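What follows is one structure encoded as C-alpha cells, with my remarks underneath.
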Amino acid sequence: MADTWGTLRPSDSAHRRCTQLDGLWAFIADHKDDGHASGFCSGLPESGRTPIAVPASWNEQLPELDSFLGPAWYERTVWAPLGLTPRQRVCLRFGSVNYSCEVYFNGERAGAHEGGHLPFEVDVTCLLRSSGEPNLLVLRVDGRLEPTHVPPGGGWGAMAPGCFPRASFDFYPFCGVQRLEDLTAGAASAASVVMRCRCGTGVSRALDADGAPIDSYEQRLGLRTVEASDDGLLLNGEPVSSRSALPHPVGAVLVRDHACLRWVGASQLVPHRALPGFLPYQTRYPNPIGANSYRTAHYPYSEVDLDLADEHGLLARPTCVARQASCLLVVSESPCVGLSFADAPAIVCNEPGGPQSVPTAEAKRQQTEALLELVALARAEGTRLVTFANIPEHCDEANRACDFLSLNEYVGWYYDVGKPLAEIGRQLEAKFVALEAEFVALHADFRKPIMVSECGADTLPGCHMMAPGLWSEEFQAGLLEVYTELERKLPFVFGVHVWNLADFRTPQMHLRAAGLNHKGVFTRLREPKLAAHMLRRAWRP
1069 MADTWGTLRP
1079 SDSAHRRCTQ
1089 LDGLWAFIAD
1099 HKDDGHASGF
1109 CSGLPESGRT
1119 PIAVPASWNE
1129 QLPELDSFLG
1139 PAWYERTVWA
1149 PLGLTPRQRV
1159 CLRFGSVNYS
1169 CEVYFNGERA
1179 GAHEGGHLPF
1189 EVDVTCLLRS
1199 SGEPNLLVLR
1209 VDGRLEPTHV
1219 PPGGGWGAMA
1229 PGCFPRASFD
1239 FYPFCGVQRL
1249 EDLTAGAASA
1259 ASVVMRCRCG
1269 TGVSRALDAD
1279 GAPIDSYEQR
1289 LGLRTVEASD
1299 DGLLLNGEPV
1309 SSRSALPHPV
1319 GAVLVRDHAC
1329 LRWVGASQLV
1339 PHRALPGFLP
1349 YQTRYPNPIG
1359 ANSYRTAHYP
1369 YSEVDLDLAD
1379 EHGLLARPTC
1389 VARQASCLLV
1399 VSESPCVGLS
1409 FADAPAIVCN
1419 EPGGPQSVPT
1429 AEAKRQQTEA
1439 LLELVALARA
1449 EGTRLVTFAN
1459 IPEHCDEANR
1469 ACDFLSLNEY
1479 VGWYYDVGKP
1489 LAEIGRQLEA
1499 KFVALEAEFV
1509 ALHADFRKPI
1519 MVSECGADTL
1529 PGCHMMAPGL
1539 WSEEFQAGLL
1549 EVYTELERKL
1559 PFVFGVHVWN
1569 LADFRTPQMH
1579 LRAAGLNHKG
1589 VFTRLREPKL
1599 AAHMLRRAWR
1609 P
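For the sequence shown, counting from 1, position 23 maps to 1091 in the working numbering; every step adds exactly one.
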C-alpha cells in the first residue's frame, strides 16, 4: 500500500532531486472495467487512447466523460534521475487522486491508495530501471463514490431528490489525478537527524554513521501564539478578526496544455505549482476583498494552499471530512484523515466535521459522542484551537468542548425566505435584529466567542433588481452586509467567513441553477459580483 502519513512534500535540496510529472499523459476510460484482464497495467493499447492534461479532472477536459465516475487508466514514461546512487531511494508522490488509485511501475504493482484529496507516496526504487532506460508508469483511477472515501459519498442518497451524480455533498465529484507532485530521489537511510532552525527557515539534515550529510530538507517556519478568550481570538496576544470568502478549489481554471488554452474544472492547474486552486486569487494579487484567513470544507485542501497561506500571512482552518451519517464512520474507520496536514505552519485551528440533523434522541447522542471523540483527536496535536461548524439549534455539550463557536448561518436563503420584493429590504434589517439577539443568547450560555463560519446566498451573475429580490446581486450584497455589520457591533463575534469565494460546479438538481452553486462573490471565471465590492469596502483598511 502507499504511504499517506508523515510524508514530506517534494522539495529540491542539496541531497534531493525532484522531477515534475505534469503535462500530457495517455488516457483511456475503462467503461467495461476490463482493463486488468486486458493487461493495461503493463501498458495501454494504442487504439482508444487520448492525451489528457495532468493534473486535472477528466470530466471537464473530455466532453464525452462529463458524467463518467468509473475506472480509467493513465500512462506516461518516466526517466530515472541522473547520478542516482545505491544509497538513494526514488518515490512517486501524488497530491490527490479521486477517488482510488492503483500504481503500476514497469508492469509491477507498486502501491495503491483509497480516498481523494489526500497525498500519498509510492516507493519505486526496487522497480526502477538503470539510468538511460525508460520506465513505464501506469495508473488505474476509479471515480466511483463510496462511504469510506474522502469525502464520503454514496450510500446515503443524494443532496436532493433526483440529482446526478448521487453525491451526498454539494460539489461535483471530479475524477482523476487532481494534484500531482513529483518523482523524488533522496536518501535511503540515515543514522541520525540534525535540526537547525532560525526565524524564517528550518533545515533538517540526516547524517550517516561517519557524520557525513546524506539528506537535507528545508522548511519555512515562524513563531506565533493563538488563543481564544471569552470575547474573541488573540494572535500574538492581540485581538484579530477572521475574515474570508472561502475558496472551494473545484471551479473552472484556464490552463495551457502545450497546444491550446482550455477551461478545465480541476482543483489544480497545469503546471501544478503555477496557481493551485482559488487561494492565490486572494494572495498573488493585492487581496481584492481584504481576506486574512480561510477555512477548508468537505475535504482536505492542497498542501500548496496551506503553504501559500503561511507565506502570505493567512490563518488556516482545515476541516475533518465527516459529513452527515459519515461522522460515526470517520471515527471508527479513518480517524486521522482530517488531521493529515496537522504540521502545516499556517494552521491555527483544527475543525472536526460538524453535526447534521438526526431523527431520534439516540442518534443525537451517538452523534454528540462521535463529535467529542473527534474533538479529542484534534486536541491530541496539542498546540491548536479546536472548533466545528454548527447551527444555533444544534449547539450542545459537544460545543462546550470547543474553544469557540462556529455557526453556519443561512438565514434569508435556506430558511426565512419568500417575502414580497418590496419587503425584503425591511426583512434584511429584521434579520440583523434577530441574529443579534440569537448571538447574544448563545454567548451568554456558552461564554465562548463566536465566528460566522458560513453565510451567503446564491446569486445569478448579472441579475439586478431595484428591490433586492432572491438570486439578485443586490440581495446577496445586502445579506452579507448584515453579517459584516454584526461583527462590527458585537465584540464577541470575531469573524465572518462568506461561502463562497467563487461559483463552483455541483451535481445537477433543481436547487442549483445550471449545475452551479452561485454563492460565490466572484463568478466561476472570477469576475466580481456586487458582493465582492461590498466586502472590499468593509474589510480592506
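Beta carbons are placed, not taken as given, at the ideal position from N, Cα and C, and that holds for glycine.
A quick note: this is a predicted structure, and the numbers were derived from the prediction, not measured.
Taking the beta strand (DSSP E) that residue i falls in, what are its first and last residues?
i            : result
residue 1562 : 1561-1566
residue 1118 : 1118-1122
residue 1172 : 1168-1173
residue 1091 : 1091-1097
residue 1189 : 1188-1191
residue 1206 : 1202-1210
residue 1177 : 1176-1182
residue 1477 : 1473-1477
residue 1520 : 1518-1523
residue 1544 : Segment 1541-1557 is the alpha helix (DSSP H) holding residue 1544; no beta strand (DSSP E) there.
residue 1372 : Here residue 1372 belongs to no beta strand (DSSP E); instead the alpha helix (DSSP H) covers 1371-1379.
residue 1143 : 1139-1147
Distance check for residue j and residue i, CA to CA, integer angstroms please.
i            : j            : result
residue 1534 : residue 1545 : 13 angstroms
residue 1371 : residue 1077 : 8 angstroms
residue 1479 : residue 1485 : 8 angstroms
residue 1552 : residue 1119 : 47 angstroms
residue 1353 : residue 1378 : Reliability fails at residue 1353, whose pLDDT of 40 lies under 50, so the model's placement of it is uncertain and the value that follows must be treated cautiously. If I take the Cα positions, the gap works out to 16 angstroms.
residue 1281 : residue 1386 : 35 angstroms
residue 1295 : residue 1203 : 51 angstroms
residue 1210 : residue 1188 : 16 angstroms
residue 1081 : residue 1543 : 52 angstroms
residue 1157 : residue 1083 : 11 angstroms
residue 1506 : residue 1444 : 28 angstroms
residue 1456 : residue 1133 : 36 angstroms
residue 1516 : residue 1248 : 41 angstroms
residue 1244 : residue 1178 : 19 angstroms
residue 1113 : residue 1368 : 35 angstroms
residue 1135 : residue 1375 : 33 angstroms
residue 1326 : residue 1201 : For residue 1326, the predicted model reports a pLDDT of 34, less than 50, meaning its position is unreliable and no value from the coordinates is stated.
residue 1604 : residue 1356 : 6 angstroms
residue 1564 : residue 1458 : 14 angstroms
residue 1449 : residue 1290 : 18 angstroms
residue 1569 : residue 1381 : 18 angstroms
residue 1494 : residue 1549 : 14 angstroms
residue 1103 : residue 1242 : 21 angstroms
residue 1556 : residue 1602 : 15 angstroms
residue 1085 : residue 1206 : 22 angstroms
The alpha helix (DSSP H) spanning residue i covers which residue range?
i            : result
residue 1600 : 1598-1607
residue 1288 : Run containing residue 1288: none in the alpha helix (DSSP H); it sits in the beta strand (DSSP E), 1281-1289.
residue 1467 : 1465-1468
residue 1383 : Element bounds for residue 1383: not the alpha helix (DSSP H) but the beta strand (DSSP E), 1383-1385.
residue 1430 : 1429-1447
Going by the CB atoms, is the gap between residue j and residue i shorter than 8 angstroms?
i            : j            : result
residue 1170 : residue 1197 : no
residue 1567 : residue 1358 : no
residue 1199 : residue 1148 : yes
residue 1297 : residue 1363 : no
residue 1240 : residue 1574 : yes
residue 1288 : residue 1303 : no
residue 1562 : residue 1151 : no
residue 1089 : residue 1121 : no
residue 1541 : residue 1584 : no
residue 1054 : residue 1137 : In the structure as shown, the chain starts at 1069 and stops at 1609, and residue 1054 therefore has no counterpart that could be examined.
residue 1246 : residue 1154 : no
residue 1436 : residue 1466 : yes
residue 1468 : residue 1514 : yes
residue 1600 : residue 1589 : yes
residue 1442 : residue 1471 : no
residue 1439 : residue 1365 : no
Tell me, to the nearest whole angstrom, how far the beta carbon of residue i is from that of residue j; I am working on the premise that it is less than 8 angstroms.
i            : j            : result
residue 1310 : residue 1361 : 4 angstroms
residue 1087 : residue 1159 : Not confirmed; about 11 angstroms, so no contact.
residue 1195 : residue 1173 : 4 angstroms
residue 1510 : residue 1460 : 6 angstroms
residue 1524 : residue 1587 : 4 angstroms
residue 1094 : residue 1117 : 5 angstroms
Taking three-plus beta-carbon pairs below 8 angstroms as touching, is the region 1588-1597 in contact with the region 1492-1507? no
For the pair the region 1472-1483 and the region 1510-1528, tell me if three or more CB-CB distances fall below 8 angstroms. yes
Would the region 1182-1193 count as touching the region 1155-1172 if we require 3 or more Cβ pairs under 8 angstroms? yes
Across the region 1108-1116 and the region 1133-1144, are there enough close Cβ pairs to call them in contact, namely three or more that are closer than 8 angstroms? yes
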